[in-house]
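Following: one structure in structure tokens, then a few remarks.
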């Protein structure tokens, strides 16, 4: 991320020339490649072969239902509320819309990393990722129109700044269907042809291409540093609040599971690993998709795109820190 920002600041003209000369569906092709590569390694690491047996678990279905309710009925509105509370003025409206767009993009990639660091339930996390990927193909477009065009916008907003359903649906198809297919195919090829060390070297190499994402916005970050810090406030609050509330709520259920109804007791039987997987799924976002949509709709240098990019710069350090907080709590609470 740091390298990308530095490149964007000191090589702005070169970055712009490269990105502007190669576009597909309104998105620069180098940026498209960088965003896709940020998504598909996590999807390729999913153990798809275990899914048939996992689907037979009733407790897993209950966990997935709870995850759906948190991710699609609570989280987007929490982000929207924080955006309005911290960015209420007219000059921050486009940044507010970008923050709202991040809120409706549920995480399908980085959550696997946080869950692994914190030693959460990998199977549950992987299932949440796949379910959220499928749901985003269906729900992201109408959610984006509702939250960005209506709920996050002032009544006097220009119609020219509104996002279009067909355009968003096309972008979603590109940025979600392609990584899903590529992830499944890559998983199959890697399992058949590579050793574990070769697999690690492969994914470490392709992850460096994500630098393109931050190079694209490096100059904008520095030139708008005041607005950048303001925009990071609702994002930071969101990640901390959603993780803390989710972790505390699931932990409370776990401690009192013997006193609960049968279905609540079943929800809280997974212990630390399950709680961590749910907490990071609730607090993470698919900033790659938010960046792709805002770039194609508003432009690479738009405030909405900058806000979406800041989602990454804010999420990574905070959720990395929370991963180690989770490990500390595991020892402290003697799980």
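In the numbering used here, the protein residues as written are 736 to 1070.
Virtual Cβ for every residue (Gly too), placed ideally from N, Cα, C.
For residue 860, the enclosing alpha helix (DSSP H) covers residues 857-879.
Excluding its 5 nearest sequence neighbours in each direction, residue 852 has C-beta neighbours in its own chain below 6 Å: 1058, listed in chain order. Shortest Cα-Cα distance from residue 843 to any of 791, 910, 987, 825 involves 910.
According to the DSSP assignment, residue 977 belongs to the alpha helix (DSSP H) that extends over 960-990. In terms of Cβ geometry, residue 1042 and residue 966 form a close pair [threshold 7 Å].
Taking 7 Å as the cut-off, the beta carbon of residue 816 is found no closer than this to the beta carbon of residue 834.
When only Cα atoms are considered, residue 799 and residue 985 end up about 14 Å apart.
The three-state reading of DSSP puts residue 884 in helix, counting H, G and I together. Note on geometry: alpha-carbon atoms of residue 969 and residue 1053 lie some 13 Å from one another. Separation of residue 1008 and residue 804 (C-alpha to C-alpha, rounded to the nearest whole angstrom) is 20 Å. From the listed residues 1016, 1033, 1032, 908, the smallest Cα separation to residue 807 is found for 1016.
Of the residues assessed, residue 1038 falls on the buried side of the cut-off, its CB having 16 or more other CB atoms within 10 angstroms. In this chain, the alpha helix (DSSP H) harbouring residue 794 covers 793-804. Within the stretch 815-848, the runs of alpha helix (DSSP H) at least 4 residues long that lie entirely inside it are, in chain order, 828-839.
When the Cα atoms are used, residue 912 and residue 881 turn out to be separated by approximately 23 Å. Taking one beta carbon from each stretch, the stretch 1029-1038 and the stretch 898-908 have 3 or more pairs nearer than 8 Å; the two touch.
Here residue 793 is exposed, its C-beta having fewer than 16 other C-beta atoms within 10 Å.
When rounded, the separation of the alpha-carbon atoms in residue 874 and residue 1055 is 28 Å.
Judged by their CB atoms, residue 825 and residue 1021 are not nearer to each other than the 7 Å cut-off. Secondary structure note for residue 790: it is in no alpha helix (DSSP H), with a DSSP letter that is neither H nor E. Annotation: the continuous alpha helix (DSSP H) that includes residue 1007 extends over 1006-1018.
Between residue 1046 and residue 814, the alpha-carbon positions lie close to 11 Å from each other. Judged by DSSP in its simplified three-state form, residue 1034 adopts coil rather than helix or strand. The C-beta separation of residue 856 from residue 1061 comes to about 12 Å, leaving the pair out of contact by the 8 Å criterion.
For the pair residue 845 and residue 981, the CB atoms are not nearer than the 7 Å cut-off. One alpha carbon belongs to residue 847, the other to residue 978, and they sit about 15 Å apart.
At the C-beta level, residue 860 and residue 850 come within 7 Å of one another. Under the three-state reduction of DSSP, residue 853 is assigned to coil, being neither helix nor strand. Its chain contains 968, 969 as the residues whose beta carbon lies nearer than 6 Å to that of residue 821, once the 5 sequence neighbours on both sides are disregarded; these appear in chain order.
Under the 10 Å beta carbon count, residue 923 is surrounded by fewer than 16 other beta carbons and is classified as exposed. Per DSSP, the unbroken alpha helix (DSSP H) holding residue 904 starts and ends at 900-907.
Here residue 795 really is in contact with residue 862; their C-beta atoms are around 7 Å apart, less than 8 Å. Contact check for residue 832 against residue 889 fails: the beta carbons are separated by 7 Å or more. Counting every other CB atom within 10 Å of its CB across the protein chains shown gives residue 802 a total of 16 or more, marking it as buried.
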